Amino acid sequence: MQPMSKLIAIALLLVGSTALASCEPARTPESRDDLVQEEQATVATIQDIVANPVLVTLGQGEPAPAEASQAMAFGDRITTADQALAEVGLANGAVFRIGGDAALTLRPNQLLLDAGQMITWVEGVVSEPLEIVTPAGIAGIRGTTVFVNIADDPAAPVEFFSWEGQVAVRLTAGGEEVILNSGEQLFVAPGEDDIEALRQRVQPLDKAEALQRLDESALINGFSGPIPTRPAIEATVEALE
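In this note's numbering, each number is its position in the sequence shown, counted from 1, plus 101.
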């Protein structure tokens with residue numbers, strides 16, 4: 102082949118390669134973000150929403166209106182305001198409902214409740230340990246139905262109440278436990294460090310107050326479906342004095 106013919110052939114090959122490369126679909130930043138989101142493990146699903154606003158913050162994104170059946174991963178946050186309520190089912194078998202201007206973040210083995218009210222229940226035994234972390238203390242879930250209330254005043258005590266079953270309350274991670282049995286209530290102020298004093302403050306609700314709570318609780322009665330542990334809750338109330 103003559104030198105000029107070789108140069109023409111090389112030029113044609115280069116042009117063809119460039120054309121083929123330009124035909125390949127480019128991966129945009131948006132598509133990479135979508136792939137990352139898809140690869141994140143779903144650890145919870147929003148099962149029910151009652152009224153609005155209920156907002157979710159996925160990862161480092163901005164808050165957006167929540168939707169029923171929406172998946173959530175570790176690090177995601179859900180909030181409610183005004184009369185809004187939300188129910189979320191966890192992959193480990195636990196379920197929680199939040200309301201009352203609530204703010205909650207999902208963490209491995211932990212539900213970080215910064216504000217508002219929540220009721221959490223487990224039928225049977227969860228597949229892995231689960232804790233509710235509040236500004237005043239940590240509640241360990243042991244196949245129970247537990248209510249937690251954080252008042253609007255950040256200095257006010259946090260209420261822990263066992264509707265049924267045992268709840269283990271600790272002041273710090275790895276600290277000693279205060280055990281609440283069915284129908285028992287404990288208020289813990291942020292910064293408390295006397296575990297023995299807390300044990301002395303555990304008190305059962307009286308039957309009349311428990312009945313009123315049961316009748317008026319939006320977290321128990323405000324959803325389309327009944328709370329599955331209600332028979333056990335009613336048995337607790339009946340046993341109170």
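Cβ atoms here follow ideal geometry from the backbone N, Cα and C, with glycine treated the same way.
In this text, all values refer to a predicted model and were calculated from it rather than measured experimentally.
Under the 10 Å beta carbon count, Gln313 is surrounded by fewer than 16 other beta carbons and is classified as exposed.
The criterion of a C-beta distance shorter than 8 angstroms is not satisfied by Leu207 and Val249. Looking at the DSSP output, Pro164 sits in no beta bridge, so it has no partner there. Excluding residues up to 5 positions away in sequence, Leu287 and Phe288 lie with their Cβ nearer than 8 angstroms to the Cβ of Arg302 in the same chain. Counting along the chain, the unbroken beta strand (DSSP E) around Gln267 starts and ends at Val259 to Arg271.
In the DSSP assignment, the residues bridged to Val151 are Leu186. Phe324 and Arg271 have their C-alpha atoms some 30 angstroms from each other. When rounded, the separation of the alpha-carbon atoms in Asp215 and Ala203 is 7 angstroms. DSSP, reduced to helix, strand and coil, places Pro329 outside both helices and strands of the structure shown, so it counts as coil. Note that the C-beta distance between Thr235 and Gly266 is not below 8 angstroms.
Here the C-alpha atom of Gly284 lies approximately 10 angstroms from the C-alpha atom of Glu335.
Beyond the five residues adjoining it in sequence on each side, Thr337 comes within less than 7 angstroms, by CB distance, of Trp264, Glu265, Ser283 and Gly284 in the same chain, given in chain order. Leu231 and Ala195 do touch by the CB rule: their CB atoms are close to 5 angstroms apart, below 8 angstroms.
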